[in-house]
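Residue numbers (the working numbering), protein chains in the order written: chain A, 342 to 952; chain B, 35 to 397. For each residue, glycine too, the CB sits at the ideal point set by N, CA and C. These numbers were taken from a predicted model, which means no experiment stands behind them.
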Amino acid sequence: MSASDIHIQDHHAHSHDHDHEHEHHELPWIRQYIFSEDHKIIAKQYLISGILWAIMGGLFSLIFRIQLGFPNADLSWMKPVLGEWIQNGKLDPEFYLAMVTMHGTIMVFFVLTAGLSGTFSNFLIPLQIGARDMASGFLNMLSFWFFFLSSVVMFTSIFISTGPASGGWVIYPPLSALPQAMSGSGLGMTLWLTSMALFIVSSLLGSLNYITTIINLRTKGMTFDRLPLTIWAFFITAIIGVLSFPVLFSAALLLVFDRSFGTSFFLSEIYIGGEALSNQGGSAILFQHLFWFLGHPEVYIVLLPALGITSEIVATNSRKPIFGYKAMIGSILAIAFLSFIVWAHHMFITGMNPFLGSIFMFLTLIIAVPSAVKAFNYIATLWKGNIIFTPAMLFSIGLVSFFISGGLTGIILGNSAIDIQLHDTYFVVAHFHIVMGSASFFGMLAGVYHWFPKMFGRMMDERLGYIHFWLTFIGVYIVFFPMHYIGIAGFPRRYYSWTGFDAFNTFADLNQLISIAAILVFFAQFIFIFNFFYSIFKGRVSSLNPWRSNTLEWTTPINPGHGNWPGDIPHVYRWPYDYSKKGHNEDFIPQDVPFSQTPHSNFPHEKDSQE
Amino acid sequence: MTTIYILAAIVLIIAILVVIFRLQVLSAVLKGRYEKRVGIGNDINALLFVIVFVVGVGAFWYSYQQASEFFLPAPSSEHGVKTDQLFWVTMAILVAAFLVTNALLYVFPYIYKYKEDRKAYFYPDNHKLEMIWTIIPALVMAGLVVFGYKEWTAITSPAPKGAEVIEIMGKQFAWQVRYPGKDGVLGNYNYRNIDAVNEFGMDMNDSASYDDFIPREMHFPVGKPVLLNIRARDVIHSVFLPHFRVKMDAVPGMPTHFWFVPTKTTSQMREETGNAKFNYELACTEVCGRGHYAMRFVVVVDEPAEYEKWKASQDTFASLNRDYAAEKAPKLVSLLPAKKVEATEVSAPSDSTAVPADTTATK
Numbered sequence: 342m343s344a345s346d347i348h349i350q351d352h353h354a355h356s357h358d359h360d361h362e363h364e365h366h367e368l369p370w371i372r373q374y375i376f377s378e379d380h381k382i383i384a385k386q387y388l389i390s391g392i393l394w395a396i397m398g399g400l401f402s403l404i405f406r407i408q409l410g411f412p413n414a415d416l417s418w419m420k421p422v423l424g425e426w427i428q429n430g431k432l433d434p435e436f437y438l439a440m441v442t443m444h445g446t447i448m449v450f451f452v453l454t455a456g457l458s459g460t461f462s463n464f465l466i467p468l469q470i471g472a473r474d475m476a477s478g479f480l481n482m483l484s485f486w487f488f489f490l491s492s493v494v495m496f497t498s499i500f501i502s503t504g505p506a507s508g509g510w511v512i513y514p515p516l517s518a519l520p521q522a523m524s525g526s527g528l529g530m531t532l533w534l535t536s537m538a539l540f541i542v543s544s545l546l547g548s549l550n551y552i553t554t555i556i557n558l559r560t561k562g563m564t565f566d567r568l569p570l571t572i573w574a575f576f577i578t579a580i581i582g583v584l585s586f587p588v589l590f591s592a593a594l595l596l597v598f599d600r601s602f603g604t605s606f607f608l609s610e611i612y613i614g615g616e617a618l619s620n621q622g623g624s625a626i627l628f629q630h631l632f633w634f635l636g637h638p639e640v641y642i643v644l645l646p647a648l649g650i651t652s653e654i655v656a657t658n659s660r661k662p663i664f665g666y667k668a669m670i671g672s673i674l675a676i677a678f679l680s681f682i683v684w685a686h687h688m689f690i691t692g693m694n695p696f697l698g699s700i701f702m703f704l705t706l707i708i709a710v711p712s713a714v715k716a717f718n719y720i721a722t723l724w725k726g727n728i729i730f731t732p733a734m735l736f737s738i739g740l741v742s743f744f745i746s747g748g749l750t751g752i753i754l755g756n757s758a759i760d761i762q763l764h765d766t767y768f769v770v771a772h773f774h775i776v777m778g779s780a781s782f783f784g785m786l787a788g789v790y791h792w793f794p795k796m797f798g799r800m801m802d803e804r805l806g807y808i809h810f811w812l813t814f815i816g817v818y819i820v821f822f823p824m825h826y827i828g829i830a831g832f833p834r835r836y837y838s839w840t841g842f843d844a845f846n847t848f849a850d851l852n853q854l855i856s857i858a859a860i861l862v863f864f865a866q867f868i869f870i871f872n873f874f875y876s877i878f879k880g881r882v883s884s885l886n887p888w889r890s891n892t893l894e895w896t897t898p899i900n901p902g903h904g905n906w907p908g909d910i911p912h913v914y915r916w917p918y919d920y921s922k923k924g925h926n927e928d929f930i931p932q933d934v935p936f937s938q939t940p941h942s943n944f945p946h947e948k949d950s951q952e
Numbered sequence: 035m036t037t038i039y040i041l042a043a044i045v046l047i048i049a050i051l052v053v054i055f056r057l058q059v060l061s062a063v064l065k066g067r068y069e070k071r072v073g074i075g076n077d078i079n080a081l082l083f084v085i086v087f088v089v090g091v092g093a094f095w096y097s098y099q100q101a102s103e104f105f106l107p108a109p110s111s112e113h114g115v116k117t118d119q120l121f122w123v124t125m126a127i128l129v130a131a132f133l134v135t136n137a138l139l140y141v142f143p144y145i146y147k148y149k150e151d152r153k154a155y156f157y158p159d160n161h162k163l164e165m166i167w168t169i170i171p172a173l174v175m176a177g178l179v180v181f182g183y184k185e186w187t188a189i190t191s192p193a194p195k196g197a198e199v200i201e202i203m204g205k206q207f208a209w210q211v212r213y214p215g216k217d218g219v220l221g222n223y224n225y226r227n228i229d230a231v232n233e234f235g236m237d238m239n240d241s242a243s244y245d246d247f248i249p250r251e252m253h254f255p256v257g258k259p260v261l262l263n264i265r266a267r268d269v270i271h272s273v274f275l276p277h278f279r280v281k282m283d284a285v286p287g288m289p290t291h292f293w294f295v296p297t298k299t300t301s302q303m304r305e306e307t308g309n310a311k312f313n314y315e316l317a318c319t320e321v322c323g324r325g326h327y328a329m330r331f332v333v334v335v336d337e338p339a340e341y342e343k344w345k346a347s348q349d350t351f352a353s354l355n356r357d358y359a360a361e362k363a364p365k366l367v368s369l370l371p372a373k374k375v376e377a378t379e380v381s382a383p384s385d386s387t388a389v390p391a392d393t394t395a396t397k
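What follows is the structure in structure tokens.
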């Protein structure tokens, strides 16, 4: 690997002036844009797939929001699309659950894991650490195509006659193990498990590549304490992924055995469909332990990259160093470590030993401390800044707001005594949609707005970005804030309708409001989609460093070719956050500027190390 | 035809929007907006943060007033009072933290918006400050953990002796409950014994089964500890008694428990809520399939005397299914009560709501 890197460097050293065209002639079109090994192309492939999945995941949420907001509406108009899933103008309850399940699966895995990590880890790691490409371009390509395959399988499952998996994205057995229990647990579930297995392979290939690249391919001078926080976040995210996804794989595998080969890992003493099954001695709770051993770190797999992106954007656009760089790294490490030992807070009321509940409550509330540090550090970064509101900056501030609002309610849910009442109510839905869903989604949007010029050499339209932000930001709060009230009133999750209960017969108008807001937020995203695709072709041409940022990616040409830098890879002399340093005439000093060139702004300890 | 009109209208609207967009871009280019580092948009966005915060806090306050009317009534169980208290105390702390941090987050952008002649303050860290905002949350968390831990251990401690034992079983898509009868002991069960008559899989060779009864609604005595023995026979369900702040999963193959003390009778609640039709309800909170949303079961809390009377008035399973019991356990026929009324063939499923029960399996 290092040998090939040297080879590429040599190659570039020799073919200095004609490298750009040179590369184009070398590779056939299909290797350049489809089966590409270039990290930038792969990143764009992930991004476009992520956007397509996000549209679909959002659309599914509208289907069930229409059911919840307008329970008496005649839905016959959906019949041309949904066919038999609409009976007598009503949505089929199992299809409702299928939509809930698919929405969760798509958003968590296909949009916020693949779409976010896949896009930005791939795009930024080589560019920001100063590498020609990923450690293994081939594995990187495989990673995307496994993801693609996984997407195809999941997409197919939506169209089969028994419906896609419908037992919730957490697919708890026995419900997910027994086709007798619901029709989605038949072929739909098989496809779900197949798709997830492929997804895990993709994720592992990607993560291993990210880790290797960050450890081995940093340019000269790029020590770990000079890495941008984006890279720190991607690095730790990849490690979490490598450690936790295999556990989901094992859970899925055991579930496959239970479903198809008659084992009893998760099944015991079941009477269903008029017969007693022979399975005995399995534990349904075991699956939940395995699932949440991934499931909880997954929250941070989704969130940490968004926080990393935000750190970078907030610092750049506040024209200030990120406050507490070391504390930010420390809190990422602490969160990552703790994320592995809090999983059972999803299981307080499963009948798990209450003593375990106490331990997990304690550990869960500890994780609030590094999270709080991060939030405070963002706010301190804004303080006395000189803030420029690019759309990326707006989305980053929005992310911090969501991170705080949603994080706070986590303190309530992490308290097992209070969780008894709130578990599996809309309070939980509100909590994780704000802190994990919306925050990460905002991180992704912020990243797209910020690095679009580097990806496509053109700028996205600012004003459309502003409109997109304000509509989405306010809309998200209108959608998810009232869900807290609904949760406090005890409304359970994944209910097709609440009207059967006296206790849950209220809040019809609030649910309607949520649904209307959700529909508006969904359509507001088309402003972004228009802006995105329009700007790829017709946007204003970007300058070299449009945000006056310090990180290395802005030292590449406007449209970096294969190998990223036409000449030598720049060396790094300083950390990435030298913004508004006293004594310097500009308000930023890029990482590749040696201290010897900035004599007026250097602190006493800042000298170029002897080479 | 209408569809075509609608589509045409949508296309037209989009075309108009694109033209407007194009025009504003061109005019911005002409005005030289892109040559300046920031445009007027910067000030507008900065101001919007403040406006959104103020309006948002107002909306928060107003919506809370509106919504709190529909929150659940005060808890009807002893532990519920304490967990509710813990919830609201925690909530108060969080709302304070929420308002302070968000206020800073929305006001700083306005105060420190870009000005050409100013340079940001190079301020990379401050260890004292960082220590403060690490330690304070840590202390608050520690306090919350202590109170939470105290409540949690009390709630999950073993049920006191003499608690009323009631078995509750979830199935697709209904709840069924079984009372131990006069002997206070629930008969053994085995899932292999389950059939159309014997929904619980009761072991008729166990003499303790003979006084067990399976009512159509669940009754609790007020002021006495009640221990729920919870199980499921097909998939995971979850017992949720919102008014009692009780929730516990029902897991096939792994019995679970929850004990609590009901503190208000149904008639008391009818008075308090001013709703003459008020009923305690039991719901399912773990997704279990098509009818998940309809697993309603009515719960009644009686005065102890009424409760005993109600219990005495219930026919036992054995008396309702004499022939069945006799066939399963010929040796214990002597335990069967004398035939009084004609036994019903099958005890009807106890859900009263319109659940499409058990129809899905064959779909």
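Check the Cβ of residue 310(B) against every Cβ in chain A and list those closer than 7 Å, keeping chain order.
Here the premise fails: no neighbours, minimum Cβ distance about 12 Å.
Buried or exposed: residue 286(B), going by 16 or more other Cβ atoms within 10 Å of its Cβ?
buried
Whole angstroms are fine: how far does the CA of residue 528(A) sit from the CA of residue 744(A)?
38 Å
Going by the beta-carbon positions, is the gap between residue 911(A) and residue 896(A) smaller than 8 Å?
yes
CA-to-CA distance, residue 582(A) to residue 889(A), given in whole angstroms:
33 Å
Which class does residue 336(B) belong to by DSSP, given the choice of helix, strand or coil?
strand
Have a look at the DSSP bridge pairing and note the partners of residue 263(B).
201(B) and 291(B)
Counting pairs of beta carbons, one from the stretch 381 to 397 of chain A and one from the stretch 446 to 460 of chain A, are three or more of them closer than 8 Å?
yes
Beta carbon of residue 526(A): closer than 7 Å to some heavy atom of the ligand COA?
Ligands displayed in this structure: none; no statement on the ligand COA is therefore possible.
What residues from chain A crowd round residue 326(B), counting only those whose CB sits closer than 9 Å?
434, 438, 833, 835, 836 and 837
Helix, strand or coil at residue 363(A) according to DSSP, with G and I counted as helix
Residue confidence for residue 363(A) is low, a pLDDT of 45 falling below 50, so the modelled location carries little weight and cannot support an answer.
Report yes if the C-beta distance between residue 934(A) and residue 471(A) is below 8 Å; otherwise report no.
Cβ atoms of residue 934(A) and residue 471(A): not closer than 8 Å.
With DSSP collapsed to three states, give me the class of residue 431(A).
strand
Kindly indicate if chain A contains any beta-carbon less than 8 Å away from that of residue 207(B).
no
Any idea if residue 35(B) is buried or exposed, counting beta-carbon neighbours within 10 angstroms, 16 or more meaning buried?
Its Cβ having fewer than 16 others within 10 Å, residue 35(B) is exposed.
For the beta strand (DSSP E) containing residue 210(B), list its first residue and its last residue.
208 to 212
Assigned exposure category for residue 866(A) - 16 Cβ within 10 Å defines buried:
buried
Taking Cβ positions only, does residue 715(A) come closer than 8 Å to chain B?
By this cut-off, residue 715(A) is not an interface position.
Helix, strand or coil: which one does DSSP assign to residue 391(B)?
Only weak support is given to the placement of residue 391(B): the predicted model assigns it a pLDDT of 42, under 50, and the question is left unresolved by the model.
Exposed unless 16 or more other CB atoms sit within 10 angstroms - verdict on residue 295(A)
As shown, chain A starts at 342 and ends at 952. That puts residue 295(A) outside it, with no answer to give.
Min CB distance residue 741(A) to chain B below 8 Å
yes
From residue 731(A) to residue 804(A), what does the alpha carbon distance come to, in whole angstroms?
9 Å
Under 8 Å, with one C-beta from each stretch per pair, do the stretch 320 to 340 of chain B and the stretch 190 to 199 of chain B reach the 3-pair mark?
Between the stretch 320 to 340 of chain B and the stretch 190 to 199 of chain B there are fewer than three inter-stretch CB-CB distances shorter than 8 Å, so the stretches are not counted as touching.
Beta-carbon within less than 6 Å of residue 506(A)'s beta-carbon, same chain only, minus the 5 sequence neighbours each way: which residues are those?
442, 525, 529, 530 and 533
Just checking, does the stretch 92 to 108 of chain B make contact with the stretch 816 to 832 of chain A on the three C-beta pairs under 8 Å criterion?
yes
Sequence-distant residues of its chain with Cβ nearer than 8 Å to residue 868(A) (five each side left out)
805, 808, 809 and 812
Please go through the stretch 750 to 786 of chain A and give each complete alpha helix (DSSP H) segment of 4 or more residues, from N-terminal end onward.
Unbroken alpha helix (DSSP H) runs of no fewer than 4 residues, entirely contained in the stretch 750 to 786 of chain A, are found at 757 to 763 and 767 to 773, following chain order.
How is the beta strand (DSSP E) around residue 280(B) delimited, first residue to last?
For residue 280(B), the enclosing beta strand (DSSP E) has its first and last residue at 280 to 284.
May I ask you to report which of helix, strand or coil DSSP gives residue 709(A)?
helix
What does the alpha-carbon distance come out to for the pair residue 363(A) and residue 492(A)?
Only weak support is given to the placement of residue 363(A): the predicted model assigns it a pLDDT of 45, under 50, and the question is left unresolved by the model.
When you compare only the Cα positions, how much space is there between residue 205(B) and residue 849(A)?
29 Å
Got a sec, what are the start and stop residues for the beta strand (DSSP E) residue 255(B) sits in?
252 to 255
Buried or exposed: residue 385(A), going by 16 or more other Cβ atoms within 10 Å of its Cβ?
buried
Measure how close the beta-carbons of residue 197(B) and residue 293(B) come, nearest whole angstrom, since I'm counting them as under 8 Å.
6 Å
Can you tell me whether DSSP reads residue 914(A) as helix, strand or coil?
coil
Could you tell me whether any Cβ in chain A is nearer than 8 Å to the Cβ of residue 112(B)?
no
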